[in-house]
Amino acid sequence: MSRVTEQIRCQNCQAVNRLGVELCARCGTRLMIVHVPSAARFAADYHDLHDEHLLERVSLLENNLMRLAGKLEQTLDLLLKQARTAHVDHALLETLIGVLGETGMLNEVKLAQAWRQACAREEGQANHAQNRQNLRARILSGDGGEKDAAVAAAHVREGFDFLDREQTARGIRALERAAAVAPDNHLLHAFLGKHFFRAGKQKLAHDYLTKAYEVQPEEDGSISLLLGLLCGDEGDVGRAKDLLYEAVIKVDSSFAAHYALGRLFVLEENWKDALAHFRKALAARSCPEAYYVVGLAYLHLNRNRLAIRHLLKAAEMDQSYAEAFYALGLAHLRLDEHKEATKAFSAARSVDPKSALDGGRIANQRTKPKDNIKDSIKPQSLPPLLFRSATGKTGKNVITGGDARLAALVREDALKSANDFD
Numbered sequence: 000m001s002r003v004t005e006q007i008r009c010q011n012c013q014a015v016n017r018l019g020v021e022l023c024a025r026c027g028t029r030l031m032i033v034h035v036p037s038a039a040r041f042a043a044d045y046h047d048l049h050d051e052h053l054l055e056r057v058s059l060l061e062n063n064l065m066r067l068a069g070k071l072e073q074t075l076d077l078l079l080k081q082a083r084t085a086h087v088d089h090a091l092l093e094t095l096i097g098v099l100g101e102t103g104m105l106n107e108v109k110l111a112q113a114w115r116q117a118c119a120r121e122e123g124q125a126n127h128a129q130n131r132q133n134l135r136a137r138i139l140s141g142d143g144g145e146k147d148a149a150v151a152a153a154h155v156r157e158g159f160d161f162l163d164r165e166q167t168a169r170g171i172r173a174l175e176r177a178a179a180v181a182p183d184n185h186l187l188h189a190f191l192g193k194h195f196f197r198a199g200k201q202k203l204a205h206d207y208l209t210k211a212y213e214v215q216p217e218e219d220g221s222i223s224l225l226l227g228l229l230c231g232d233e234g235d236v237g238r239a240k241d242l243l244y245e246a247v248i249k250v251d252s253s254f255a256a257h258y259a260l261g262r263l264f265v266l267e268e269n270w271k272d273a274l275a276h277f278r279k280a281l282a283a284r285s286c287p288e289a290y291y292v293v294g295l296a297y298l299h300l301n302r303n304r305l306a307i308r309h310l311l312k313a314a315e316m317d318q319s320y321a322e323a324f325y326a327l328g329l330a331h332l333r334l335d336e337h338k339e340a341t342k343a344f345s346a347a348r349s350v351d352p353k354s355a356l357d358g359g360r361i362a363n364q365r366t367k368p369k370d371n372i373k374d375s376i377k378p379q380s381l382p383p384l385l386f387r388s389a390t391g392k393t394g395k396n397v398i399t400g401g402d403a404r405l406a407a408l409v410r411e412d413a414l415k416s417a418n419d420f421d
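Numbering that gives the first Met the number 0 puts the first residue of the sequence shown at 0, with every later residue one more than the last.
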């Protein structure tokens, strides 16, 4: 019986074969490890060159590995030196900042905030550039119709090239030309609609977003949110509600959508439903403005203690929120808490002394502290600016009218939700 060292197993059927054969005796598979070809099996002067070739390859591989290890060691040394240099520089900066902070020449908190903002801005710019490149590719690959597809693609490339060079006006004009010849490219129309929404050109934004929604109604909710805000401001309350409810379903925790629905219910004097949506807006985004509108809704419903709780939270979160202080004073005044009301009105007046507030809202900015606050302000009066349109016409600017601060927040939140079109 042959020894194990004189055997070779077939890689296919695992059958044992004699060392030196080329084919498996059972299945006929060519054996992969062949030490001696059958033609030279009985040649006395046979010399296998494979051994020398393999030795040369192994030696070359060993040499390359040694060189690679040396390069990696040099790279590691360089990284360690740079890390030590960065650590020393960081320690020097910390010492310098500490000394300047102790002398009062530098505010460390403001410096840290400015540094974080600069880092976030740089990261945002990098992400914006990458998103724009991705958007260009998606628009070019979108189905805009076979007719004039090459012309539309040329305009799209031209437009994004201008945008990359920060020539926004020329870039938008080129993209508008592309949209004119590619009416079915919903991504392009959505991008233009968002741009005009951000720029405050509501008519153009409405037109482009409507086209995008008609082409692609099963979108992610971003278009329906922006379009719902525009329809609400234009007085189309029914369509605005439909679009905003659709956005609420598709967009997770949208402050803008719930706030807008609340404002539409305020227009109908349905304060219970308005309060429900304002509370959902607060859950989506805990900010002074959200606490403020919830407090105002409670104030309209004569639930003054709850109004005080939310308005006080808004005032604590932002000490410069004059409207929150004023509404807080009204709530205290309704409960005959004149001392607290006087403090709240004084805080509102100190924050915004130039505001001419009509109909019960700090009516006289020259009122002396000794004046009777109960006589100067009616207990049932309400802040007139939040739920009144900016144009003074019922049904116009329903969502963004009346309070510039809330309008800016709603627009910012809505645009943030539409980040797929950045």
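Note that the Cβ used here is the ideal one computed from N, Cα and C, for glycine as well.
Go ahead and label S58 buried or exposed: buried means 16 or more other beta carbons lie within 10 angstroms of its beta carbon, across all protein chains shown.
exposed
Measure the C-alpha to C-alpha separation of A152 and A173 and round it to an integer number of angstroms.
10 angstroms
Inter-residue spacing [alpha-carbon to alpha-carbon] between E218 and G237
In a straight line, the C-alpha of E218 is about 20 angstroms away from that of G237.
To which residues of the same chain is L79 closer than 6 angstroms at the C-beta, ignoring the five residues directly before and after it?
none
Who are the near neighbours of A313 in its chain, counting only those whose CB is closer than 7 angstroms to its CB and skipping five residues on each side?
P287, Y290, Y291, G294, Y320 and A323
Candidates Q6, N11, Q13 and C12: closest to V20 by CA position:
Q6
Between K202, H185 and F195, which lies nearest to A211 when the distance is taken from Cα to Cα?
For the residues K202, H185 and F195, the minimum Cα distance to A211 belongs to H185.
If you draw a straight line from the alpha carbon of L298 to that of L329, how long is it in whole angstroms?
Cα to Cα, the separation comes out at about 9 angstroms.
Which residues share a DSSP beta bridge with L22?
R29
Please classify N303: does DSSP put it in a helix, a strand, or coil?
helix
Segments of 4+ residues assigned as alpha helix (DSSP H) that fall wholly inside the region 172-214:
The DSSP assignment places complete alpha helix (DSSP H) segments of no fewer than 4 residues inside the region 172-214 at 185-198 and 201-214, in order along the chain.
Could you give the residue range of the alpha helix (DSSP H) that holds Q116?
Segment E107 to S140, the alpha helix (DSSP H) holding Q116.
I'd like the span of the beta strand (DSSP E) that includes R17, first residue to last.
Unbroken beta strand (DSSP E) run through R17: V15 to R17.
Am I right that K249 and S223 are in contact with their C-beta atoms under 8 angstroms? What's the rounded C-beta distance?
7 angstroms
Beta-carbon proximity list for D272, same chain, < 7 angstroms, skipping 5 on both sides
Within the same chain, and ignoring the five residues on either side of D272 in sequence, the residues whose Cβ sits closer than 7 angstroms to its Cβ are F264.
If I follow the unbroken alpha helix (DSSP H) through R262, where does it start and stop?
F254 to L266
Let me know if L91 comes out buried or exposed under the rule of 16 or more other beta-carbons within 10 Å of its beta-carbon.
exposed
CA nearest to the CA of L110, picked from E93, G123, N126 and E268
Out of E93, G123, N126 and E268, E93 has the C-alpha closest to the C-alpha of L110.
With respect to 6 angstroms, is the separation between the Cβ of G328 and the closest non-hydrogen atom of the ligand COA below this value?
Among the components of this structure there are no ligands whatsoever, and the ligand COA is therefore not found.
Since I7 is in the beta strand (DSSP E), which residue starts that stretch and which ends it?
Q6 to R8
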